[in-house]
Amino acid sequence: TVPYWSEDPTADQWLGFLNKNFNQLEPTKWALYVHIPFCETLCTFCGCNTSITKNHKREEPYMDLLLKEWGTYNEKVEKLRENPLVEFHYGGGTPTFLSAKNLGILTETILKQCQVDSSEFSGAIEVDPRRTSIEQLQVLKGLGFNRISLGVQDFDPETQRLINRIQPFDMTQKLTEEARKIGYDSVNFDLIYGLPAQTPEKIEKMMDFTLQLRPDRIALYSLAVVPWIKPAQKLYKDEDLPKGKEKRQLYEISRDRLLSAGYLEIGMDHFALPEDSLSKALTEKKLHRNFMGYAHHRSQVLLGLGVSAISETPECFHQNEKKLPMYEKSVIDSSIPTFRGHILSEQDRLRREQILQFMTLGEVELENPQLDLVQSFLKEMLGDNLIRVQNNKM
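Just so we're aligned, residue 23 is where the sequence shown starts under my numbering, counting upward by one.
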């Protein structure tokens, strides 16, 4: 994980890893992540890299930077366009800060320069229902996007007030229904437990509202309390936040309600209806997870564009400059805007595969030294029947 990165790559090393992967004899399936940092208002729970502004004149200059960065990769990575793109994901910030016109221009410009694998391609965008128009969704649907992820967090008015995100139920309902009418295959809700003023009774109501709309997927996240990184979290009091057993109870209520309603548990923190592609991938043992979350197929390379975007190859993690002026300077200079990363050792790569197995299959094959260590290191979990070891698997 990012806090433990230590072996930073140079920009040239990062490009070397990309070229190595895109020059394989077999096609390299890859995914694209585009980060839009702008938000019109600050949500006090948020830990993402954001820039708060109502100035929409910033859209086009930032789009120019994204396309410039994309052009630099096309110049310096030989066969980028020849390998199949299987996933395109907009994250933020608020990607729908961009107008429908600008979203269309940016998306179409990139897609026209890619080899899109139409049989596997998945296009997704994270949206804020307060800042999203039907026109934006129609434009992306026309370009092959098929999934929309709605930032919901909670439906309770008091919790919404405390996190500075007033979003009435009917707003979420309308966007959910419109996305389905337009033809989006999968509608996702992001929900958070551990927010200020949440109680078991309120979580039950949150689940009532959620199940009424029956999203295809649900990401159920724990609030990350990091006021030393995100000072806006200091705006609510410690006593407003559920902790320990109280917080765990909120999760257990949510999980029980979702499972009872027919959702399948997908690895960590995700749930999906049986007909959703994530559930099918779980059943077929094709589930994958990268820095964008769970996906229904594996991509060998994830390329991130935009300020703070994270990329990865089997050998390396890479993150762009986190501060917009630094990112802008590097991109204008036709440089890769490298901020930090991690070159994986052979041991790192082995462990990553094991962690992926555990996060996607719920089991992992153990090596001989690990088999001995499990008995002592995880003694309490074994005793509580939280895990079991059988035939060299945990």
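Beta carbons are placed, not taken as given, at the ideal position from N, Cα and C, and that holds for glycine.
Given the structure is predicted, the values throughout are model-derived calculations rather than measurements.
Does the separation of the CB atoms of residue i and residue j fall below 8 Å?
i    : j    : result
V149 : P117 : yes
M416 : L388 : yes
E287 : L281 : yes
N414 : L395 : no
P237 : F211 : yes
F143 : G166 : yes
I214 : L245 : yes
V56  : L88  : yes
I170 : A201 : yes
E62  : K79  : no
V386 : Q376 : yes
L327 : P59  : no
H364 : E29  : yes
L242 : V209 : no
H310 : T382 : yes
F361 : E350 : no
I240 : Y273 : no
A283 : L233 : yes
T94  : I358 : yes
P222 : Q158 : no
Just list the residues that DSSP pairs residue i with in beta bridges.
i    : result
N312 : G315
T75  : Looking at the DSSP assignment, T75 forms no beta bridge with any residue, so it has no partner.
L54  : F110, L325
G363 : H340
R239 : N210, A294
Q412 : K415
E148 : S171
F191 : DSSP output for F191 lists no bridge partner at all.
Q376 : Answer is none; Q376 lacks a bridge partner.
E334 : L324, F339
F60  : S73
E287 : F293
E387 : K415
Q137 : P106
S244 : Y215
In chain order, what residues of the same chain lie with their CB nearer than 7 Å to the CB of residue i, ignoring the 5 residues before and after it?
i    : result
K256 : P249
L184 : P218, A219, Y258, D262
E82  : N124
E97  : none
D207 : N168, R169
T131 : L89
Q195 : L235
Taking residue i as the reference, which of the options has the closest Cα?
i    : options                : result
Q137 : S155, F110, L272, L245 : F110
K259 : L217, T360, R239       : L217
Y316 : H292, I188, W92        : H292
Q46  : P336, F231, L242, R362 : P336
N390 : V411, L378, P264, Y285 : V411
P49  : V247, N105, Q271, A331 : N105
R152 : D192, H340, R362, R103 : D192
G384 : T305, E368, F339       : T305
T23  : F399, H340, D355       : H340
G289 : K252, L378, G266, K265 : L378
K224 : P264, N186, G205       : P264
K134 : G113, L102, F119       : L102
S356 : P25, A33, Y26, A254    : A33
Using C-beta distances below 8 Å, list every residue in its chain close to residue i, excluding the 5 sequence neighbours before and after it, in chain order.
i    : result
V99  : L37, L40, N41, F44
Q182 : Q175, D176, I188, Q189
A53  : L107, V108, E109, F110, H111, N312, M314, A317, S321, V323, L324, L325
I127 : M85
Between residue i and the rest of its own chain, which residues show a CB-CB distance below 6 Å, the 5 nearest in sequence each way excluded?
i    : result
E268 : none
K252 : G69
D139 : P106, V108
Say the cut is 7 Å; is the CB of residue i nearer than that to a heavy atom of the ligand FAD?
i    : result
N390 : This structure lacks the ligand FAD; in fact it carries no ligand of any kind.
message = Whether or not the region 298-312 and the region 62-76 are in contact is what I'm after, with contact meaning three or more pairs of Cβ atoms, one per stretch, closer than 8 Å; do they touch?
response = no
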